[in-house]
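Visitor: So that we are looking at the same thing, I have put the structure below in structure tokens.
Protein chains: 2
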Amino acid sequence: MESSPLERQSLGLLPWFIAATQILGLAAVIMTGVWMGHYEGGFAWDGSSLEFNIHPLCMVIGMVFLYGDSLLVYRVFKNESKTTVKILHAAIHLIALVAAIVGLVAVFGFHSAQNIPDMYSLHSWCGLITIILFCIQWVMGLTFFLFPGAAYSLRACYLPLHVYFGLGLFILAIGTSLLGITEKLFFSIRDTYSKFAPEGVLANVLGLVLVGFGLTVGYIVTRSEWKRVTNPEEEALSMHFKTLTERDSPDSPQGS
Amino acid sequence: MESSPLERQSLGLLPWFIAATQILGLAAVIMTGVWMGHYEGGFAWDGSSLEFNIHPLCMVIGMVFLYGDSLLVYRVFKNESKTTVKILHAAIHLIALVAAIVGLVAVFGFHSAQNIPDMYSLHSWCGLITIILFCIQWVMGLTFFLFPGAAYSLRACYLPLHVYFGLGLFILAIGTSLLGITEKLFFSIRDTYSKFAPEGVLANVLGLVLVGFGLTVGYIVTRSEWKRVTNPEEEALSMHFKTLTERDSPDSPQGS
Numbered sequence: 001m002e003s004s005p006l007e008r009q010s011l012g013l014l015p016w017f018i019a020a021t022q023i024l025g026l027a028a029v030i031m032t033g034v035w036m037g038h039y040e041g042g043f044a045w046d047g048s049s050l051e052f053n054i055h056p057l058c059m060v061i062g063m064v065f066l067y068g069d070s071l072l073v074y075r076v077f078k079n080e081s082k083t084t085v086k087i088l089h090a091a092i093h094l095i096a097l098v099a100a101i102v103g104l105v106a107v108f109g110f111h112s113a114q115n116i117p118d119m120y121s122l123h124s125w126c127g128l129i130t131i132i133l134f135c136i137q138w139v140m141g142l143t144f145f146l147f148p149g150a151a152y153s154l155r156a157c158y159l160p161l162h163v164y165f166g167l168g169l170f171i172l173a174i175g176t177s178l179l180g181i182t183e184k185l186f187f188s189i190r191d192t193y194s195k196f197a198p199e200g201v202l203a204n205v206l207g208l209v210l211v212g213f214g215l216t217v218g219y220i221v222t223r224s225e226w227k228r229v230t231n232p233e234e235e236a237l238s239m240h241f242k243t244l245t246e247r248d249s250p251d252s253p254q255g256s
Numbered sequence: 257m258e259s260s261p262l263e264r265q266s267l268g269l270l271p272w273f274i275a276a277t278q279i280l281g282l283a284a285v286i287m288t289g290v291w292m293g294h295y296e297g298g299f300a301w302d303g304s305s306l307e308f309n310i311h312p313l314c315m316v317i318g319m320v321f322l323y324g325d326s327l328l329v330y331r332v333f334k335n336e337s338k339t340t341v342k343i344l345h346a347a348i349h350l351i352a353l354v355a356a357i358v359g360l361v362a363v364f365g366f367h368s369a370q371n372i373p374d375m376y377s378l379h380s381w382c383g384l385i386t387i388i389l390f391c392i393q394w395v396m397g398l399t400f401f402l403f404p405g406a407a408y409s410l411r412a413c414y415l416p417l418h419v420y421f422g423l424g425l426f427i428l429a430i431g432t433s434l435l436g437i438t439e440k441l442f443f444s445i446r447d448t449y450s451k452f453a454p455e456g457v458l459a460n461v462l463g464l465v466l467v468g469f470g471l472t473v474g475y476i477v478t479r480s481e482w483k484r485v486t487n488p489e490e491e492a493l494s495m496h497f498k499t500l501t502e503r504d505s506p507d508s509p510q511g512s
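Protein sequences, first through last, are from chains A and B. The letter at position 57 of the first sequence is residue 57 when you use the numbering used here, and the numbering goes up by one with no holes. The letter at position 75 of the second sequence is residue 331 when you use the numbering used here, and the numbering goes up by one with no holes.
Take a look at the structure:
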């Protein structure tokens, strides 16, 4: 189907939207670094509050910036093979997961060294749920889409759920970050926050940048005319021979 | 196109998902009422903290429960005319907006009476942005889709943006609610929150219920096979005669 001039015009905006995500994502990482590095005293792995400071930086790098970029690979690498892009998607998510685990070890280590109770706040509840579901999502993605054993019909059934929960967990990760920002400000600058202390303003702006990053990534991945068009031949080739011999072929209605 | 047995089966799940949203939404409203009514002392319009208590209740009723229900009307009333459902959508949003404004007046009134500074927290920034964009979105929706003057091509261009930002603002409203929960807990039960005080646990569970409501509403409105199938005849009839005489008819490719 030939695209209209309006559609061609909107397709041309994709690189600008991608650029916007990278500017917002990098700005969020830098602002978190400046907040923790400058206003909160820097980073160290010594059980002090400097160890805590590693936590927000790792979470924003892993669960927000890298997670978002991993969602974008299907829009950025439209001409690469599906398998290559899938591997890239899984690999970036794996690096994001490693960063998140380092961030978690930092905060639990800090709590343990300072005898601070764990897991009582809404931030911690949302965060742990996000991480656990993220791990399950990653393993299920690998099993269904990269290991060659899954039948086409199963893949087709699971794909919309994987996409929905992938985006849902990304939004939950951003929401959890905003909760973390609020919690940290109420611990650190409770008395000066209401007087618009620079640290509070920086952290608030960081929150808005995170929201902007989420909205832009969400817009790119949900816009229908920017979706990757699946090539049935490529889809068939990316599957194991075994699955092709099963009853549910790529041409079956269940997979359409 | 005939639907597969799997599709028919999944269509049958829609009422259950709708029921789940109503249970979660009502649970959120009741829990907010119990939190403010029982643990925080009840409600009054007297400039005290009891006036503040009106704020969370109005926001959860308006910006979360009613807002979410307004998104669902296109899935619930599939057999009603498009115009009827549009009016219902706009009307529920209007009630939501009124509830939100009452909630805003309550919190600003409380701040004013107690000499508490306004608009310094991330919660207040996100909240104000959400309300302003919500008002703009409502007026634009009315102008484009209910007033008969807008050309079909303009409607078709704006619709995806209206849908995306509508869902985006709903998510932002839920995120802002979670920030409000965290902020309120750090003001009210800072010393006992870490000891798992019942009020803190109730508020945390409320946060998770709000996330669950958002995820379920989001799933229903984004699931492709549950989308309302637009009837071109009905679409044409819902437009003003003037727009039908313009160059961009409903059958033009731009509107497809």
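Ideal placement from N, C-alpha and C gives every residue a C-beta, glycine not left out. As the structure is a computational prediction, the values presented were derived from the model and not from experiment.
Looking at the secondary structure, which residues open and close the alpha helix (DSSP H) in which A/Thr-192 lies?
Guide: 190-193
Visitor: Since A/Thr-32 and A/Leu-57 should fall inside the 8 angstroms C-beta cutoff, what is the C-beta to C-beta distance between them, to a whole number of angstroms?
Guide: Indeed, because the Cβ distance is near 5 angstroms, the residues count as touching under 8 angstroms.
Visitor: Does the distance from the C-beta atom of A/Val-217 to that of A/Leu-72 stay below 8 angstroms?
Guide: yes
Visitor: On the criterion of 16 or more Cβ atoms from any shown chain inside 10 Å, does A/Ala-100 qualify as buried, or is it exposed?
Guide: It is buried - the Cβ of A/Ala-100 has at least 16 other Cβ atoms within 10 Å.
Visitor: Check this for me: beta carbons of B/Thr-277 and B/Phe-401, under 8 angstroms apart or not?
Guide: Result no, Cβ atoms of B/Thr-277 and B/Phe-401 do not sit closer than 8 angstroms.
Visitor: Taking A/Val-211 as the reference, give the member of A/Ala-28, A/Leu-13, A/Pro-15 with the closest Cα.
Guide: With distances taken between Cα atoms, A/Val-211 lies closest to A/Ala-28.
Visitor: According to DSSP, is A/Phe-77 helix, strand or coil?
Guide: coil
Visitor: Where in the region 378-442 of chain B do unbroken runs of the alpha helix (DSSP H), each at least 4 residues long, occur, reported from the N-terminal end onward?
Guide: 378-397
Visitor: For A/Leu-169 and A/Thr-130, which I take to be in contact (beta-carbon distance under 8 angstroms), what is that distance rounded to the nearest angstrom?
Guide: So it is a contact: roughly 6 angstroms between Cβ atoms.
Visitor: What is the residue span of the alpha helix (DSSP H) that B/Tyr-295 lies within?
Guide: Note, B/Tyr-295: premise wrong, no alpha helix (DSSP H); not H, not E.
Visitor: Quick one: Cα of A/Ile-18 to Cα of A/Lys-86, how far?
Guide: 19 angstroms
Visitor: Can the beta-carbon of B/His-345 be found closer than 8 angstroms to that of B/Ser-326?
Guide: yes
Visitor: Whose C-beta lies closer than 8 angstroms to the C-beta of B/Trp-394 among residues of the same chain, with five residues either side of it excluded?
Guide: Ala-346, His-349, Leu-350, Leu-353
Visitor: Would you say A/Ser-112 reaches chain B, if we count a Cβ-Cβ gap shorter than 8 angstroms as a contact?
Guide: no
Visitor: Flag this pair as touching only if the region 446-453 of chain B and the region 298-311 of chain B have three or more C-beta atom pairs under 8 angstroms; answer yes or no.
Guide: no
Visitor: With a cut-off of 8 angstroms, does the C-beta of B/Asn-371 fall near any C-beta of chain A?
Guide: no
Visitor: Look up B/Asp-325 in the DSSP assignment and say whether it is helix, strand or coil.
Guide: Assignment of B/Asp-325 by DSSP, reduced to helix, strand and coil, places it in the helix class.
Visitor: Please state if the CB of B/Met-319 and the CB of B/Ala-514 are separated by a distance shorter than 8 angstroms.
Guide: Outside the displayed span of chain B (257 to 512) sits residue 514 of chain B, for which this structure offers no information.
Visitor: In three-state terms, what does DSSP make of B/Leu-267?
Guide: helix
Visitor: Between which two residues does the alpha helix (DSSP H) holding A/Tyr-219 run?
Guide: 198-222
Visitor: Measuring CB to CB, does A/Glu-199 end up less than 8 angstroms from A/Tyr-67?
Guide: It is not a contact, given that the beta carbons lie outside the stated cut-off.
Visitor: Less than 8 angstroms between CB atoms is the rule here; does A/Val-211 satisfy it with respect to chain B?
Guide: Interface flag for A/Val-211 against chain B is set, since a Cβ pair is found closer than 8 angstroms.
Visitor: Can you tell me whether B/Leu-282 is buried or exposed? The criterion is at least 16 other CB atoms within 10 Å of its CB, across all chains shown.
Guide: B/Leu-282 comes out exposed.
Visitor: Taking the alpha carbon of A/Lys-227 as the point to measure from, which residue in A/Leu-24, A/Ser-124, A/Phe-77, A/Cys-135 has its own alpha carbon closest?
Guide: A/Phe-77
Visitor: When you compare the CB positions of A/Thr-182 and B/Leu-378, do they come within less than 8 angstroms of one another, or not?
Guide: The Cβ atoms of A/Thr-182 and B/Leu-378 sit closer than 8 angstroms to each other.
Visitor: Under 8 angstroms, CB to CB, which of the residues in the region 375-400 of chain B have a partner in chain A?
Guide: Tyr-376, Ser-377, Leu-378, His-379, Trp-381, Cys-382, Ile-385
Visitor: Identify which residue in B/Glu-336, B/Leu-471, B/Phe-452 has its Cα closest to the Cα of A/Leu-161.
Guide: B/Leu-471
Visitor: Please name the residues in the region 412-445 of chain B whose beta-carbon is closer than 8 angstroms to at least one beta-carbon of chain A, in chain order.
Guide: Residues Cys-413, Pro-416, Tyr-420, Gly-424, Ile-427, Leu-428, Ile-430, Gly-431, Leu-434, Leu-435, Ile-437, Thr-438, Glu-439, Leu-441, Phe-442.
Visitor: If you drop the 5 nearest sequence neighbours on each side, which residues of the same chain put their C-beta closer than 8 angstroms to that of B/Phe-366?
Guide: Gly-303, Ser-304, Ser-305, Glu-307, Phe-308, His-311, Ile-372
Visitor: Which residues bound the alpha helix (DSSP H) around B/Lys-342?
Guide: 338-370
Visitor: Taking its Cβ as the centre, do 16 or more other Cβ atoms sit within 10 Å of A/Gly-41, making it buried, or is it exposed?
Guide: exposed
Visitor: Among the candidates B/Trp-272, B/Ile-427, B/Met-315, B/Ile-279, whose CA atom is the shortest distance from the CA of B/Met-292?
Guide: Among B/Trp-272, B/Ile-427, B/Met-315, B/Ile-279, the Cα nearest to that of B/Met-292 is on B/Met-315.
Visitor: B/Asn-460 versus chain A: which residues are under 7 angstroms apart at the beta carbon?
Guide: Leu-122, Trp-125
Visitor: Can you tell me whether A/Phe-134 is buried or exposed, with buried defined as 16 or more other CB within 10 angstroms of its CB?
Guide: The residue in question, A/Phe-134, is buried, as its Cβ has 16 or more Cβ neighbours within 10 Å.
Visitor: How many Å lie between B/Tyr-376 and A/Arg-155 at the Cα?
Guide: 48 angstroms
Visitor: So, are the CB atoms of A/Tyr-164 and B/Thr-432 less than 8 angstroms apart?
Guide: no
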